[in-house]
Amino acid sequence: MQIALAPMEGLVDEILRDVLTRIGGIDWCVTEFIRVSDRLLPAATYHKLAPELFAGARTQAGTPMRVQFLGSDPQCLADNAAFACGLGAPVIDLNFGCPAKTVNKSRGGAVLLKEPELLHAIVREVRRTVPAEIPVTAKMRLGFEDKSVALDCARALAEGGASQIVVHARTKVEGYKPPAHWEWVARVQEVVAVPVFANGEVWTLQDWRRCREISGVDDIMLGRGLVSRPGLARQIAAVRAGEQPQEMSWEELQPLLQDFWRQARRKLAPRYAPGRLKQWLAMLTRTYPEAVTLFAEVRREQDCERIDRLLGTVAAPA
Numbered sequence: 001m002q003i004a005l006a007p008m009e010g011l012v013d014e015i016l017r018d019v020l021t022r023i024g025g026i027d028w029c030v031t032e033f034i035r036v037s038d039r040l041l042p043a044a045t046y047h048k049l050a051p052e053l054f055a056g057a058r059t060q061a062g063t064p065m066r067v068q069f070l071g072s073d074p075q076c077l078a079d080n081a082a083f084a085c086g087l088g089a090p091v092i093d094l095n096f097g098c099p100a101k102t103v104n105k106s107r108g109g110a111v112l113l114k115e116p117e118l119l120h121a122i123v124r125e126v127r128r129t130v131p132a133e134i135p136v137t138a139k140m141r142l143g144f145e146d147k148s149v150a151l152d153c154a155r156a157l158a159e160g161g162a163s164q165i166v167v168h169a170r171t172k173v174e175g176y177k178p179p180a181h182w183e184w185v186a187r188v189q190e191v192v193a194v195p196v197f198a199n200g201e202v203w204t205l206q207d208w209r210r211c212r213e214i215s216g217v218d219d220i221m222l223g224r225g226l227v228s229r230p231g232l233a234r235q236i237a238a239v240r241a242g243e244q245p246q247e248m249s250w251e252e253l254q255p256l257l258q259d260f261w262r263q264a265r266r267k268l269a270p271r272y273a274p275g276r277l278k279q280w281l282a283m284l285t286r287t288y289p290e291a292v293t294l295f296a297e298v299r300r301e302q303d304c305e306r307i308d309r310l311l312g313t314v315a316a317p318a
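Laid out in structure tokens, this is it:
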């Protein structure tokens, strides 16, 4: 069984990957998507979105990181994937699940689920081009408007050479609205010979147990549920090890929240750093009453030094 941290564009950047993987329970994580259209991207693009490449493609906690691509041109994706492997990417992941309208309009993400033949061509070309020892994996939704070609898409990915498939158990049109259709993960696993990961609507340990029962798969990818409950992967890992799972307390989380803020201060301009903190805090309000209180205090705050004081941190070095 493996537990993965989902790639979430604009949310799970290297800072949050660092913080969440330090908590434990996560077997691997994925970068935000690197968008490929018609050219070979420079190394600076990869290092900006995946600075872990400077450290053996692992987070500070030692968790392996995969490099994710989004696009529709098989050859261009393959060339960029090969370049990323040269920079140290240990696994290439292909995004066929992003529901964003701007991405879909430019023929990327979930809109490609309308074209199983293209999915196959993309995976086949990337698999053919990157070194044989580098796995190629893929993430998909159950379709665009409906689920009519979900199984065809899964077959196309597996037959193209994907060694694992993550299934976000909703269509693009369904977005992030509950429920996730975990029974479709079981149907996908029936038609492909590669491991399938269940993804979508797992917020608690109880959700995970239900997902595992309904989907019939052991492997899981956690997204918003893990961002909102940072100890969730650790809880699941404890259960699979036959241990008693423990909730992560606010007191245990607080130093990590402070470190997240320090890193955001170092990375981002003062006008943008508060927004990153508020984004994560807003999601933590789902789990922690203390986050509700803190979020109310910082919601309209834009002064980084006042936020330092509210969080009990010292100012980040220049």
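In terms of full-length UniProt numbering, the sequence shown opens at residue 1 and continues consecutively.
The beta carbon of each residue, even a glycine, is placed where N, CA and C say it ideally should be.
The continuous alpha helix (DSSP H) containing A291 extends over residues 289-298. Taking the C-beta atoms as reference points, A273 is found nearer than 7 Å to A264. DSSP places M65 inside the beta strand (DSSP E), whose first and last residues are 65-70. Taking C-beta separations shorter than 6 Å and ignoring five residues to either side along the sequence, the partners of V166 in its chain run K139, F197, N199, M221, following chain order.
For the pair A61 and V126, the CB atoms are not nearer than the 7 Å cut-off. Here the alpha carbons of E290 and L157 stand approximately 43 Å from one another.
In the structure shown, I15 falls within a helical segment according to DSSP collapsed to helix, strand and coil.
In the displayed model, D308 falls within a helix according to three-state DSSP. Within the same chain, and ignoring the five residues on either side of D27 in sequence, the residues whose Cβ sits closer than 7 Å to its Cβ are Q2, I3, A4. Around the beta carbon of D303, fewer than 16 other beta carbons sit within 10 angstroms, so the residue counts as exposed. Annotated three-state conformation of F54 is helix, per DSSP. I122 carries a helical assignment under DSSP once its states are collapsed to helix, strand and coil.
In the three-state reduction of the DSSP assignment, T137 falls in the strand class. Look at the beta carbons and you see the stretch 90-110 touching the stretch 132-152: at least three pairs across the two are nearer than 8 Å. Residue ranges of uninterrupted alpha helix (DSSP H) with 4 or more members are absent from the stretch 77-102; none lies entirely inside it. L232 and T204 have their C-alpha atoms spaced approximately 7 Å apart.
Under DSSP, V30 takes part in a beta bridge, and its partners are R66.
T59 is a Cβ neighbour of E52, given a cutoff of 7 Å.
For M221, the uninterrupted beta strand (DSSP E) run begins and ends at 220-222, by DSSP. Counting along the chain, L232 sits inside no beta strand (DSSP E); it lies in the alpha helix (DSSP H) bounded by residues 232-240.
By the neighbour-count criterion, in which a residue is buried when 16 or more other Cβ atoms sit within 10 angstroms of its Cβ, P116 is buried.
In chain order, A169 place their CB closer than 6 Å to the CB of H181, counting only its own chain and leaving out the 5 sequence neighbours on each side.
Secondary structure of A6 (DSSP, three-state): coil.
Around the Cβ of V188, a 10 Å sphere holds 16 or more other Cβ atoms; the residue is buried.
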